[in-house]
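Note sheet for the following structure.
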Amino acid sequence: MEAVVLNDPYERANMRYLLKMRNIMNIFNVNAGAEAQEIANLMQQKANIGFQTLQLMFADTPGHFAVLSDLNSLLAQVKNRLAELNRRRAYREHAMGRVQANFQNHLIDASFLEVDNWGTATYAVHLRDAYGWMGSVCISDDLPVETRNMLIHLLANANLLIYVVTGEGANTLLTPAHQFPFPN
């Protein structure tokens, strides 16, 4: 296995599709944690309102109908906000699926895919296992040595051809990982 000079701009663009897909998916997930926490808080608030409503229904205190009316109004607001957050979450999941499906065609056709972390490397292994992708994996020479070695170990166990990327644009050189001089 020898070094490859990647002159084809289409191949160079396809090589980065996995990283682009990951970045777009991260954009979708920016507010996911905050929304999940808000949903949990609203569910707790909904349970508390239900408990207060039950207590007031069996209490015979003056003015409890006004309090029940206020609780009912608050419960309606909580339910509306929960419905809105659940719609957002469903839309986000659907949109992420569409993005992944759009990128999938380019990923399957790519001869080389660049990976830069555990998640993208695992996805490359998944492409090979689930879809029969037969390409090679590229790792940037700019990554820290520990990260590079971890990725090479993961990908070597998956029997994928691994290249180290050096250069940019028309000067992109892919050196087989076992020939690349790693510093100690």
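Numbering (the numbering used here), first residue to last: 37 to 220. Note that CB positions come from ideal geometry on N, CA and C, so glycine has one too.
Under the three-pair Cβ rule at 8 Å, the stretch 52-61 counts as touching the stretch 144-158.
In the three-state DSSP reduction, residue 172 falls in the strand class (E or B).
Straight through space, the alpha carbons of residue 120 and residue 87 are spaced by roughly 23 Å. In this structure, residue 60 sits away from residue 173, with a CB-CB distance that is not shorter than 8 Å.
Residue pairing from DSSP places residue 149 in a beta bridge opposite 173. Across the structure, residue 180 and residue 112 are spaced so that their CA atoms are roughly 53 Å apart.
Setting aside the 5 residues that flank it on each side, residue 95 has no residue in the same chain whose C-beta is closer than 6 Å to its C-beta. Comparing C-alpha distances from residue 143 to each of 117, 170, 131 and 128 shows the shortest one belongs to 170. Within the stretch 40-108, the alpha helix (DSSP H) runs of at least 4 residues that lie entirely inside it are, in chain order, 45-51, 53-64 and 68-93. Within 10 angstroms of the beta-carbon of residue 199 lie 16 or more other beta-carbons, which makes it buried. A distance below 6 Å between beta-carbons, with the five flanking residues on each side excluded, links residue 104 to the following residues of its chain, in chain order: 92. Nearest to residue 106 by C-alpha distance, out of 129, 89, 75 and 116, is 89. Taking each of 110, 99 and 156 in turn and checking the Cα distance to residue 81, the smallest one comes out for 110.
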